[in-house]
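S.K.: Quick one: the structure is below, and I'll ask about it shortly.
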Amino acid sequence: MATERTLSIIKPDATKRNLTGKINAKFEDAGLRIVAQKRIHLTKAQAGEFYKVHAERPFYDELCDFMASAPVVVQVLEGEGAIAKNREVMGATNPADANPGTIRAEFAESVGENSVHGSDAPETAAEEIAYYFSGLELVG
Ligand code: CDP
Ligand code: MG
Numbered sequence: 041m042a043t044e045r046t047l048s049i050i051k052p053d054a055t056k057r058n059l060t061g062k063i064n065a066k067f068e069d070a071g072l073r074i075v076a077q078k079r080i081h082l083t084k085a086q087a088g089e090f091y092k093v094h095a096e097r098p099f100y101d102e103l104c105d106f107m108a109s110a111p112v113v114v115q116v117l118e119g120e121g122a123i124a125k126n127r128e129v130m131g132a133t134n135p136a137d138a139n140p141g142t143i144r145a146e147f148a149e150s151v152g153e154n155s156v157h158g159s160d161a162p163e164t165a166a167e168e169i170a171y172y173f174s175g176l177e178l179v180g
């Protein structure tokens with residue numbers, strides 16, 4: 041399998057509870073390298089642009105408010121099959137369905153406040169990385 045990069049976000053529910061280090065340890069223990077990382081506070085408009093694929097969904101407005109409610113940590117993870125591997129480490133969207141040991145099983149508070157975001161395919165990973173990082177900030 042090829043080396044890939046994927047966009048990860050540690051969401052406000054997790055940064056508020058000081059879980060950045062514990063979540064990063066899960067990535068590193070799974071063999072993912074954090075090759076870029078920064079803590080930012082999104083505006084609601086910036087969150088809305090990032091999640092525009094969900095604009096018609098009933099949870100969209102609440103999701104944008106939540107993502108702008110406190111700082112997030114945006115990061116690029118690199119590794120063999122990083123996109124799927126990160127989704128595995130994250131666990132299912134709804135923590136009630138997440139496998140034991142996954143980030144969402146251990147830390148998520150609800151289906152909305154579920155601690156992490158991860159890209160779902162190579163095309164979205166490239167777009168999402170470019171939304172937050174310039175090439176100069178990606179240091180493999
Ligand atoms: O994050 P993931 O790719 O697992 O799920 P998604 O279907 O792409 O949804 C994006 C985000 O919207 C989720 O991570 C949740 O924060 C939120 N969401 C929600 O609030 N209620 C739902 N029923 C589904 C998703
Ligand atoms: Mg998604």
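Quick note on my numbering: the sequence shown kicks off at 41 and runs consecutively.
Where is the CB? At the ideal position from N, CA and C, for every residue including glycine.
This structure is a prediction, so every number in the text was calculated from the model and none was measured.
Which same chain residues, not among the five before or five after LYS56, have their C-beta less than 7 angstroms away from its C-beta?
M.R.: ALA110
S.K.: At a cut-off of 7 angstroms, is ASP137 close to ligand 2 when judged by its beta-carbon and the heavy atoms of the ligand?
M.R.: Checking the Cβ of ASP137 against ligand 2 gives no.
S.K.: Quick one: which unbroken alpha helix (DSSP H) runs of 4-plus residues sit fully inside the segment 66-131? Chain order, please.
M.R.: 84-90, 100-107, 122-130
S.K.: Check whether the Cβ of ASP160 lies closer than 7 angstroms to any heavy atom of ligand 2, and answer yes or no.
M.R.: yes
S.K.: Output the distance between the C-alpha atoms of ARG127 and VAL93, rounded to the nearest integer angstrom.
M.R.: 18 angstroms
S.K.: Taking the Cβ atom as the reference point for each residue, do VAL156 and SER48 lie within a distance shorter than 8 angstroms?
M.R.: yes
S.K.: Could you tell me the alpha carbon to alpha carbon distance between PRO162 and GLU118, rounded to whole angstroms?
M.R.: Whole-angstrom Cα-Cα distance: 12 angstroms.
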